[in-house]
Each structure stands twice: as C-alpha cells, then as structure tokens.
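Below: one structure, written as structure tokens.
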Amino acid sequence: MTSTRTAWSTASRGAPSRFDLIAFVLVVGLFAFFAAASKGVLAPISSLDVTPISLDPAQLPYLVARSTLRMLAGLLLSLLFTFTYATWAAKSPRAGRILIPVLDVLQSIPILTFLSVTLVFFMSLAPGRVLGAEFAAVFIIFTSQAWNMAFSFYQSLRTVPTELTEAARSFRLSGWSRFWRLEVPFGMPPLVWNMMMSMSGGWFFVVASEAITVGPTTVTLPGIGAYIDLAIRQKDLHAVSYAILAMLAVILVYDQLLFRPLVAWSDRFRFDSEPGAPAPSSWVLDALAGSRLIARSLRRLRGFGRMLGAAIRVAPGSSSPDVAATNAENLDRIATGVLATLIGLAVWQAAWFLAPDLGWQDLLSTFGLGAITAIRVFALIALASLVWVPVGIYVGLRPKVARVVQPVAQFLAAFPNNLLFPFAVAAIVNFKLNANIWLSPLMILGTQWYILFNVVAGASAMPTEMRHVSNNFHVKGWLWWRKIALPAVMPFYVTGAITASGGSWNAAIVAEVASWGDQHLSATGLGSYIAHATTDGDFHRIVLGTVTMSLYVLLINRLLWRPLYYYAERKFRLS
Amino acid sequence: MNATPKTSADTPVLLDVVHASKSFTKGDGGDLLVLDDVNLTVRPGEVVGLLGRSGSGKSTLLRLIAGLSKPSGGRVNYLGKPVTGPAEGISMVFQSFALFPWLTVYENVALGLEAMHIARDEIRRRSLAAIDLIGLDGFESAYPRELSGGMRQRVGFARALVVHPNILLMDEPFSALDVLTAETLRTDFLDLWSDGRMPIQGVILVTHNIEEAVQMCDRILVFATNPGRIVSEIAVTIPRPRDRNDPAFAGLVEQIYVEMTAKKGRTASRISPASGSGIDTILPRVSSNILAGLLETVAAPPFSGRADLPEIASELTLEIDELFPAAETLQMLRFADLEGGDIHLLPEGIAFAGAEVDERKKLFARHLLAYVPLAAHVRRVLDERRTHAAPSSRFLDELEDHMSPEVAEETIRALVSWARYAEIFAYDDETGQFSLENPT
Numbered sequence: 043m044t045s046t047r048t049a050w051s052t053a054s055r056g057a058p059s060r061f062d063l064i065a066f067v068l069v070v071g072l073f074a075f076f077a078a079a080s081k082g083v084l085a086p087i088s089s090l091d092v093t094p095i096s097l098d099p100a101q102l103p104y105l106v107a108r109s110t111l112r113m114l115a116g117l118l119l120s121l122l123f124t125f126t127y128a129t130w131a132a133k134s135p136r137a138g139r140i141l142i143p144v145l146d147v148l149q150s151i152p153i154l155t156f157l158s159v160t161l162v163f164f165m166s167l168a169p170g171r172v173l174g175a176e177f178a179a180v181f182i183i184f185t186s187q188a189w190n191m192a193f194s195f196y197q198s199l200r201t202v203p204t205e206l207t208e209a210a211r212s213f214r215l216s217g218w219s220r221f222w223r224l225e226v227p228f229g230m231p232p233l234v235w236n237m238m239m240s241m242s243g244g245w246f247f248v249v250a251s252e253a254i255t256v257g258p259t260t261v262t263l264p265g266i267g268a269y270i271d272l273a274i275r276q277k278d279l280h281a282v283s284y285a286i287l288a289m290l291a292v293i294l295v296y297d298q299l300l301f302r303p304l305v306a307w308s309d310r311f312r313f314d315s316e317p318g319a320p321a322p323s324s325w326v327l328d329a330l331a332g333s334r335l336i337a338r339s340l341r342r343l344r345g346f347g348r349m350l351g352a353a354i355r356v357a358p359g360s361s362s363p364d365v366a367a368t369n370a371e372n373l374d375r376i377a378t379g380v381l382a383t384l385i386g387l388a389v390w391q392a393a394w395f396l397a398p399d400l401g402w403q404d405l406l407s408t409f410g411l412g413a414i415t416a417i418r419v420f421a422l423i424a425l426a427s428l429v430w431v432p433v434g435i436y437v438g439l440r441p442k443v444a445r446v447v448q449p450v451a452q453f454l455a456a457f458p459n460n461l462l463f464p465f466a467v468a469a470i471v472n473f474k475l476n477a478n479i480w481l482s483p484l485m486i487l488g489t490q491w492y493i494l495f496n497v498v499a500g501a502s503a504m505p506t507e508m509r510h511v512s513n514n515f516h517v518k519g520w521l522w523w524r525k526i527a528l529p530a531v532m533p534f535y536v537t538g539a540i541t542a543s544g545g546s547w548n549a550a551i552v553a554e555v556a557s558w559g560d561q562h563l564s565a566t567g568l569g570s571y572i573a574h575a576t577t578d579g580d581f582h583r584i585v586l587g588t589v590t591m592s593l594y595v596l597l598i599n600r601l602l603w604r605p606l607y608y609y610a611e612r613k614f615r616l617s
Numbered sequence: 068m069n070a071t072p073k074t075s076a077d078t079p080v081l082l083d084v085v086h087a088s089k090s091f092t093k094g095d096g097g098d099l100l101v102l103d104d105v106n107l108t109v110r111p112g113e114v115v116g117l118l119g120r121s122g123s124g125k126s127t128l129l130r131l132i133a134g135l136s137k138p139s140g141g142r143v144n145y146l147g148k149p150v151t152g153p154a155e156g157i158s159m160v161f162q163s164f165a166l167f168p169w170l171t172v173y174e175n176v177a178l179g180l181e182a183m184h185i186a187r188d189e190i191r192r193r194s195l196a197a198i199d200l201i202g203l204d205g206f207e208s209a210y211p212r213e214l215s216g217g218m219r220q221r222v223g224f225a226r227a228l229v230v231h232p233n234i235l236l237m238d239e240p241f242s243a244l245d246v247l248t249a250e251t252l253r254t255d256f257l258d259l260w261s262d263g264r265m266p267i268q269g270v271i272l273v274t275h276n277i278e279e280a281v282q283m284c285d286r287i288l289v290f291a292t293n294p295g296r297i298v299s300e301i302a303v304t305i306p307r308p309r310d311r312n313d314p315a316f317a318g319l320v321e322q323i324y325v326e327m328t329a330k331k332g333r334t335a336s337r338i339s340p341a342s343g344s345g346i347d348t349i350l351p352r353v354s355s356n357i358l359a360g361l362l363e364t365v366a367a368p369p370f371s372g373r374a375d376l377p378e379i380a381s382e383l384t385l386e387i388d389e390l391f392p393a394a395e396t397l398q399m400l401r402f403a404d405l406e407g408g409d410i411h412l413l414p415e416g417i418a419f420a421g422a423e424v425d426e427r428k429k430l431f432a433r434h435l436l437a438y439v440p441l442a443a444h445v446r447r448v449l450d451e452r453r454t455h456a457a458p459s460s461r462f463l464d465e466l467e468d469h470m471s472p473e474v475a476e477e478t479i480r481a482l483v484s485w486a487r488y489a490e491i492f493a494y495d496d497e498t499g500q501f502s503l504e505n506p507t
C-alpha cells in the first residue's frame with residue numbers, strides 16, 4: 043500500500059513527530075467530544091423536564107457541544123443528499139428537468155416551516171425519546187444547508203471540462219471511480235465554499251430549532267438555543283452575553299478546525315492551473331498532513347474505498363455497453379416517472395388540504411402581508427447597500443485593510459444573529475419604539491455582511507491597470523464611482539444582494555416576532571403570520587403562509603435577481 | 068486508401084474505419100452531417116495524419132476511433148473487432164492536456180493502470196518507466212499547475228503510453244504550446260518512435276499545421292469541411308529525420324497548400340463562391356484588421372499582388388486556421404483569388420490596399436452587399452421595416468435551417484463585425500437588435 047507517493051506520505055519516517063502529537067490530540071479530543079455530546083441523545087424525553095436547563099454559565103460548554111453535534115450531523119446529511127440528488131439531476135437530463143426546479147422551490151421555502159410541518163412526524167419516529175426531537179433539529183439544519191450545496195455540485199458536474207471526462211473514459215475508469223476521482227474533486231472547491239455559506243443559516247436555525255413550540259408540542263433540546271430562550275424568558279441580559287461569547291468561541295473553533303482545513307485542502311482541486319492568489323493555509327491541515335499516523339489510516343481508508351468500488355462495479359465485459367445503456371435508460375425513465383407522480387400527488391394533496399378551510403379572503407390577506415414583508419426586505423437591502431457598497435469599495439481597494447475586514451465580515455455573516463435579538467428587543471421595549479419599524483432591521487442584521495464581503499472581494503479583484511487608467515485620466519468623484527467603481531463591483535454586489543435577500547426572507551419568520559420576558563412584540567408581515575401560525579399549531583395557515591412566501595421568493599428571484607445577475611455578469615464581468 | 072509507403076496490403080490491419088459517418092441532431096430535429104463516408108486503414112508502423120481546418124470533422128473521427136462516441140453510419144474496427152466503447156489498447160493525448168490538476172504527475176500517469184486493476188507493484192514499475200521514458204524524471208511529485216505547458220503535455224504522453232497501447236491517438240497535441248516547445252516535443256517524440264522505444268504500433272495525429280503533418284506522418288489525409296470528409300491522401304516518402312529546409316519538404320508543403328485551395332471539384336474550401344448564392348453561406352469570423360493586413364501585405368513588395376500561401380503564412384506567422392479563412396473571405400468578397408496555393412489580388416483588392424480609411428469602408432461596404440447574400444438580406448429587411456430594426460433571432464432562425472446553432476451564431480457574429488466596419492447597419496448586443504441607426 044505504499045506505492046502511491048502523495049503529499050500524505052511525505053512525513054518523515056522513524057520516531058513520532060510533533061505533527062503526530064498534534065494530530066493525536068485532535069483525534070482523541072474529537073472522540074471525547076462525540077462521546078460526551080451524544081450521551082443525552084438516547085435519554086427518555088421526560089429527562090428534559092426533570093433536568094431543566096439552568097442559566098449557569100458552567101453548563102454552556104455541554105450545551106454548545108450538543109448544538110455543534112447537531113450541526114455536524116446536518117452537514118453530513120447534506121453531503122449525502124448532495125452527492126445523490128445532484129448527481130442524479132446532472133447525469134439524467136430527463137430527471138434533471140424535474141429535480142432542478144424542485145430544488146429551486148425547496149430553496150425558496152422558509153426553513154422554519156420544514157420544522158413545524160415535520161416535527162410531529164419526527165417525534166413519532168422515536169416515541170418518548172429525545173432522539174425524535176434531535177432528528178427534527180438535525181433535519182432543519184439539513185434544510186438550511188442542503189439545497190445550495192446540491193445546486194453548487196450540480197453546476198460543477200455540468201461544467202466538468204469535456205476533455206477531462208474523455209480522458210477518464212478513454213482510460214476506462216468505471217463510473218464509480220470517475221465520480222470519486224474526477225467529478226467530486228472537480229466540484230470540491232465550490233462545494234466547500236457553499237458549505238461555509240450555508241453554515242450561517244445552519245447556526246441561525248439550530249438556535250431557532252432548539253426551543254420551539256408547534257401547537258401543543260413544545261420541544262426544548264439541550265443546546266445553546268434553549269439556553270438563550272430561557273435567558274429571554276427570564277430577562278437575563280448577562281446570560282445572553284455568555285451565550286454570545288460561547289457562540290463566538292464555537293464559530294471560531296469550527297472555522298479553525300473544520301473549514302479552514304477544508305478550504306486549504308480543497309484548494310488543490312482548483313481547476314484553473316495558473317498560480318494566482320496565495321494558496322489558503324491551515325495549521326490543522328498541516329498537522330494532519332504531517333502525521334504518519336493519519337497518513338497510514340488514510341491509506342487504509344483509500345484501500346477500503348477501492349474494495350467498495352470493485353464490489354460495486356459491474357464486471358467489465360459481462361454485458362455489452364449497448365445493453366447496459368438501455369437498462370440504465372429504462373431505469374431512469376421509470377425513476378423519473380415515479381418522481382413526477384409523487385410531485386403531482388404532493389401538489390394535489392396540498393390543494394385538497396388547503397381548499398376547504400381557506401377562502402379567497404385568506405389568500406388575499408396573506409399576499410398583502412407578503413407585500414409588506416417584501417417592502418421591508420427591499421428597503422433594508424437598499425439601506426444596507428447604501429452603507430456597505432461604498433465601505434466595501436473603500437476597503438477592497440486597500441489590500442491591507444481588506445485582509446483584516448474580509449474574515450471579520452465572513453465571521454459576522456456566520457454568527458447566528460438571533461442571539462443578538464434580545465438586546466434589540468429589550469431596547470424596543472424599554473424605549474417604547476414602534477415594533478413595525480424597529481423590528482425590521484433584525485431581518486438584515488446577519489445578512490448584510492454578504493453585501494459587504496462580496497463588494498470587498500469585487501473591489502480587490504479590480505485590475506491595477508484599471509485603477510491606473512482612472513488616475514491617469516483624472517477620473518474622480520462621482521464620475522469615478524459611476525463609471526469605474528460601481529460597474530467593477532456590480533457582479534459581486536448582485537451576488538451578495540441575492541444571498542442577503544434570500545437570508546432576510548428566511549429571517550423574517552424569526553425577526554418579525556420577538557419577546558422579552560412576558561413582553562411580546564410583533565410586526566405586521568408574512569413572517570409573523572407564519573410564526574404565529576406555528577405557535578398556534580394551525581397547519582392550514584402555516585402551509586398557506588409558506589406557499590405565499592415561496593411564491594414571493596421565487597417570483598422575486600425569477601423576475602428581478604436572476605435577470606439582474608445575468609445582466610451584471612454579461613456587462614460588467616472583467617475577464 | 069491503402070496506398071501506404073511502408074507497409075503492404077498483406078500486413079495485419081490495426082484499425083479499419085469503413086464508411087463511417089457522424090451526424091448530430093439539430094435544434095429543429097433535422098440531422099447535421101459533420102463526417103461523411105470516411106474510410107481509413109491503419110497498419111503497424113504507420114503515423115497517419117488527419118489534416119484539416121476546424122470543423123472538418125477530424126477530431127470527431129478521432130473520437131469515433133477512441134470509442135468516445137458512436138458513428139451514425141459505417142463502422143470502426145480495431146484488430147478486427149468493432150469498437151463499442153473506449154477500447155483497451157487505444158489511448159489518447161489531448162490538445163488541452165486534460166490532466167487531473169489534483170493529482171501529481173505520478174498519480175496522473177498511474178491512473179490509467181489503476182483502472183486496469185493491475186498489481187500495485189506493477190503499476191509503480193510501469194508508471195516510473197513511462198515517466199522516465201518521456202523525460203519527466205524528478206517531476207513525479209509535482210502537480211500539473213507547477214509545470215510549464217511543455218512539461219504538462221509530456222505528462223499527457225506518459226499517461227497515454229503507460230497503458231501500452233497499440234494505437235496512440237493525438238488530438239492536436241502541440242497546438243497549445245509555443246513554437247519552440249512544440250518543436251522540441253515533436254522531435255523528442257519522433258526520436259522515440261524511430262528508435263522503437265515506445266510500446267505503440269500506430270499513431271493517428273490530428274493537426275491543422277501543414278508543416279507538422281509533413282514532418283511527422285507517413286500518410287496525410289486532407290479533410291474538407293461541410294460536411295467533414297477526406298478529399299485527398301498524400302504519402303510522405305521523405306526519409307526521417309526530416310529537415311524543414313529540404314526542398315522536398317517545402318515542395319510537399321506547397322503541394323498540400325495547393326490541394327487545400329484547389330478551386331475545382333470538391334474543394335477543401337469552407338466558403339466556396341459557387342454555393343454562396345443563398346444566405347446560407349457560413350461566414351468565418353475574420354477581423355477586418357486581418358483582411359486589410361493581408362491585402363496590404365500581398366499588395367506590397369516583394370509580393371506585388373501575388374503570393375505563395377506558405378510564404379505569406381510564415382511572413383505573417385499565421386496558422387492555416389487563420390490564413391485560410393482570411394484568404395477565402397477575400398475571395399468571397401472578390402478582392403482576391405486563390406489558385407494553386409497562391410493568392411493574387413484582383414483590381415479592387417489592390418485599390419483597397421492603396422485607399423484611405425473612408426474609401427476602404429465604402430469599397431468594403433459595396434462588396435459586402437454585392438457578394439455576401441446574408442448582408443444584403445439583412446439590409447433589405449431593415450430597409451423594408453418601418454422601424455428599420457430587426458432582432459438577430461429572426462436571422463438566426465433562418466440560418467439554423469441550414470447549419471448548427473453554434474455555426475449560425477458564429478456566422479451572425481462575423482456578419483456583425485464586417486457590417487460594423489462597413490457601416491452598413493448597426494447591432495446592439497444588449498438587445499440583440501439590428502438597426503440602421505447610428506449609435507448615439
């Protein structure tokens with residue numbers, strides 16, 4: 043097994059190195075973490091009531107560990123979904139015609155709805171155990187991450203360079219090894235990037251999902267979200283601050299231990315062959331790569347993968363390719379038919395479910411509420427753009443500042459800003475402000491950073507020559523902004539605004555209703571409509587509100603963002 | 068097509084392509100023929116060149132042979148058996164190298180063997196041997212992005228050779244390299260081939276470089292476009308190693324130029340004026356700068372109105388993929404004539420070369436409207452409409468009845484750039500509208 047010379051096997055031979063030590067500590071720590079965190083998962087559900095969460099900060103590490111474990115589980119599930127769903131969509135044009143629009147719709151559905159409509163189902167899976175509620179929490183994390191990961195991987199699969207595919211085929215790699223040796227590596231950098239992007243959504247909703255009431259069912263899962271929920275009910279600003287600090291630490295650790303290594307590792311799968319920007323680095327990856335222990339286990343793993351591949355592969359030559367192709371074709375046709383039927387059934391079911399109880403009046407009023415939320419989202423995006431576009435351009439043109447600001451902005455985007463809501467709500471209650479106006483900024487609290495760091499990236503990517511030209515012709519002031527700076531960052535800005543808009547719609551459900559102790563604030567809008575329906579356990583209104591919000595998001599994407607994106611790409615992309 | 072210099076008819080046949088054709092389905096459901104009735108036999112010891120311009124189907128043929136796509140008609144036999152998928156014993160070198168950027172040189176080379184399920188020791192031995200042979204010693208652990216183009220293509224060669232193929236397919240393997248690197252790689256390859264140090268028995272080389280074909284091949288099949296087909300076969304009997312300055316070498320290059328610009332019969336020409344009566348003539352994208360430059364160069368001494376195409380190609384360092392479309396466009400516009408591998412200017416061409424900018428534009432506009440039916444057609448439509456505007460999709464639809472959407476798009480692009488130079492009508496890319504208005 044020592045025949046491949048890879049970066050992994052370059053570790054020095056002989057005595058364990060310092061890398062071995064670091065790697066060992068990391069691995070043992072990981073095991074200990076899993077063991078401790080999963081201890082409570084199989085406990086009977088009554089234990090939740092017996093050992094209620096207290097606001098003792100000493101409890102925080104355990105709670106944070108539980109939340110983190112859910113995050114990881116959700117991430118793994120999302121990966122599994124990505125590799126199957128996106129692959130099917132990309133490999134079968136017929137299925138893709140259905141699967142991709144379905145993904146588009148799924149992406150537009152507010153994430154909390156997934157929780158409210160599935161919670162009862164998941165609770166019934168493991169009756170009387172915490173596990174059911176855990177399933178539900180993991181599922182919601184999955185829904186906040188899986189769609190855009192799948193989209194990204196689908197895009198990658200569709201854009202694998204033809205010659206690479208031909209090379210793989212002409213060297214007679216089986217479908218299984220083509221997937222793992224060509225397609226997955228090729229799609230890895232954008233996939234990791236999207237995983238990172240979805241993390242922020244994940245943290246946001248893990249916090250939201252740990253303390254949730256759907257009608258008569260109330261779930262309080264031990265976790266940082268439950269802690270903060272309790273802190274809000276008890277009006278304990280100190281506890282809120284502790285939770286925020288703990289969260290900051292977790293995100294930092296997550297970033298250092300998981301994403302930084304992933305990004306550094308996935309960099310080797312970048313396809314553009316030109317050495318450009320400095321490669322990202324990670325001390326954890328260095329330690330792991332330097333360790334012989336890890337190298338050996340990885341080789342073992344790879345051997346196992348090969349065995350699996352050999353087991354799965356149909357013996358070559360056993361059937362002619364034509365027959366195999368026809369079989370695959372038939373299978374694909376059947377699967378697509380089943381899928382289409384299922385979707386048809388679902389639509390029919392939804393219509394049947396909604397029709398008898400809801401009249402035109404309800405429909406009109408939800409659309410009206412949707413319009414109010416839409417106005418909020420647009421106003422906030424405009425406001426955030428006014429602030430962050432100039433700042434982003436200013437920062438992006440100064441590499442030294444950008445190096446500091448960029449990671450901070452990304453960090454802020456990943457931070458579950460619902461942890462900060464209590465401060466705002468406490469202030470609104472205190473100063474008796476208008477909830478309809480002052481709750482709104484909460485929707486964009488976390489999503490505005492996407493605008494900032496995309497604009498920073500855009501301004502940094504501006505070619506030096508272009509800057510020199512504008513200096514040379516003395517292009518200054520408003521003319522410079524209008525003709526040079528704004529067009530140059532346009533495609534980046536639009537990308538950021540799209541992400542911010544999508545995130546804000548999702549956040550509306552959490553942001554349009556807020557409470558502080560026994561004070562409950564509510565802003566008029568589609569978000570609060572869904573939130574109230576969820577608390578009341580009124581499934582008709584949940585579904586109606588959700589469908590309306592999906593429609594709004596889809597229409598805004600189709601009619602505004604997508605055309606704008608293509609326009610910006612075509613007109614302003616510097617390449 | 069069996070007249071081969073080195074082998075006789077009774078030696079075993081490596082590869083046999085019989086009446087192969089390939090067509091793709093067009094947007095409207097019709098078929099578009101890209102390869103028409105091709106016959107080809109390769110015997111051991113041969114290097115066969117497929118020479119032609121882009122769109123002549125030579126790469127399509129190579130992919131049929133590689134088993135990467137299936138012929139629509141006819142068959143491809145390898146060692147007497149039909150090729151139904153990528154065959155063991157046929158491997159390929161790609162124009163863009165097609166290396167896996169996340170694998171090291173060693174891993175890239177070993178990949179083909181791993182797919183063959185060979186013992187790990189054997190994989191290691193053979194991979195290192197191939198790396199050695201191709202001159203990549205010491206680069207085993209490098210990643211492709213660290214290598215220069217020439218070194219990358221060496222990896223491409225090592226990867227193709229390590230599986231010990233009988234036939235090596237090369238798809239313009241040197242065209243992405245600079246002149247010097249390409250020459251080094253070619254000579255290195257020919258040395259290995261002449262010494263018999265490579266495990267291969269036959270080579271098929273796709274190229275659009277005439278000199279390269281003459282230097283490397285025993286037989287050259289010249290392809291024509293629309294549909295792609297073989298128009299002639301030329302045996303190269305010059306002894307190896309071949310010297311480019313050898314008169315026989317230059318003579319053969321000249322002869323191939325003549326073949327490729329022959330005026331009568333089935334020509335290799337992409338736009339033949341004879342068929343240019345309709346609007347369905349495919350227009351190549353040639354910049355008006357290239358056209359003007361070519362006219363000026365031919366008009367000026369030492370050519371003074373008549374030039375040898377190989378000479379003009381080396382004078383202007385143009386590949387045939389650039390020179391031929393330019394020369395043929397001049398022919399279509401009646402500024403020049405092509406015959407016997409020569410280009411000679413017609414009186415209008417000489418007038419153009421001597422004229423000032425405005426005069427040139429007027430002359431060009433007149434010829435464009437007179438000799439390019441599509442230009443006249445668009446202009447007529449714009450004149451007739453009250454708004455003096457029309458979407459490009461209207462003309463694209465018409466063109467797509469006769470050609471693939473990509474070619475139709477290219478043709479419209481070519482027309483737009485010429486029309487803009489001639490100022491006969493305007494085009495707004497954002498709205499996709501042709502109009503008679505001048506931009507504000």
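Protein chains in written order, with the working numbering: chain H, 43 to 617; chain L, 68 to 507.
In this text, a Cβ means the ideal position worked out from N, Cα and C, and glycines have one as well.
Report all residues from its chain with a CB closer than 6 Å to the CB of residue i; omit the five preceding and five following residues, and keep chain order.
i, result
"Ile190 of chain L", "Ala177 and Leu180"
"Asp347 of chain L", "His469"
"Val230 of chain L", "Ser158 and Gly179"
"Ser502 of chain H", "Gly438 and Ala444"
Mind reading off the beta-carbon distance from residue i to residue j? Whole number of angstroms is fine, and I expect it under 8 Å.
i, j, result
"Leu81 of chain L", "Gly216 of chain L", "Their Cβ separation, rounded to whole angstroms, is 30 Å, which puts Leu81 of chain L and Gly216 of chain L out of contact at 8 Å."
"Met265 of chain L", "Leu319 of chain L", "Their Cβ separation, rounded to whole angstroms, is 25 Å, which puts Met265 of chain L and Leu319 of chain L out of contact at 8 Å."
"Leu224 of chain H", "Val202 of chain H", "7 Å"
"Ala285 of chain H", "Ile254 of chain H", "Not a contact, Cβ separation roughly 17 Å."
"Ala345 of chain L", "Pro440 of chain L", "Residue 345 of chain L is actually Gly in this sequence, not Ala. Indeed, because the Cβ distance is near 6 Å, the residues count as touching under 8 Å."
"Pro458 of chain L", "Gln500 of chain L", "6 Å"
Grab the span of the beta strand (DSSP E) containing residue i for me, first residue to last.
i, result
"Glu239 of chain L", "Neither: Glu239 of chain L is in no beta strand (DSSP E) and is coded neither H nor E."
"Gly243 of chain H", "Note, Gly243 of chain H: premise wrong, no beta strand (DSSP E); alpha helix (DSSP H) at Val226 to Ser251."
"Ser88 of chain L", "Leu82 to Thr92"
"Ser557 of chain H", "Val555 to Trp558"
"Ala374 of chain L", "Arg373 to Asp375"
"Ile301 of chain L", "Arg296 to Ala302"
What are the boundary residues of the alpha helix (DSSP H) that includes residue i?
i, result
"Met159 of chain L", "Premise fails: Met159 of chain L lies in the beta strand (DSSP E), Ile157 to Val160, not in any alpha helix (DSSP H)."
Is the distance from the Cβ of residue i to the Cβ of residue j below 7 Å?
i, j, result
"Ser88 of chain L", "Leu99 of chain L", "no"
"Trp558 of chain H", "Ala468 of chain H", "yes"
"Ser546 of chain H", "Ile151 of chain H", "no"
"Ser308 of chain H", "Val234 of chain H", "yes"
"Gln282 of chain L", "Arg309 of chain L", "yes"
"Ala281 of chain H", "Leu97 of chain H", "yes"
"Val273 of chain L", "Leu166 of chain L", "no"
"Val353 of chain L", "Leu412 of chain L", "no"
Tell me whether the segment 185 to 196 of chain H and the segment 118 to 128 of chain H touch, counting them as touching only if at least three CB pairs, one residue from each stretch, are closer than 8 Å. Yes, the segment 185 to 196 of chain H is in contact with the segment 118 to 128 of chain H.
With three or more beta-carbon pairs closer than 8 Å as the criterion, would you say the segment 194 to 209 of chain H touches the segment 126 to 139 of chain H? These segments touch.
Is the segment 203 to 214 of chain L in contact with the segment 120 to 136 of chain L, if contact means three or more CB pairs nearer than 8 Å? At 8 Å Cβ cutoff, the stretches do not touch.
So, do the segment 418 to 431 of chain H and the segment 482 to 500 of chain H have three or more beta carbon pairs nearer to each other than 8 Å? These segments touch.
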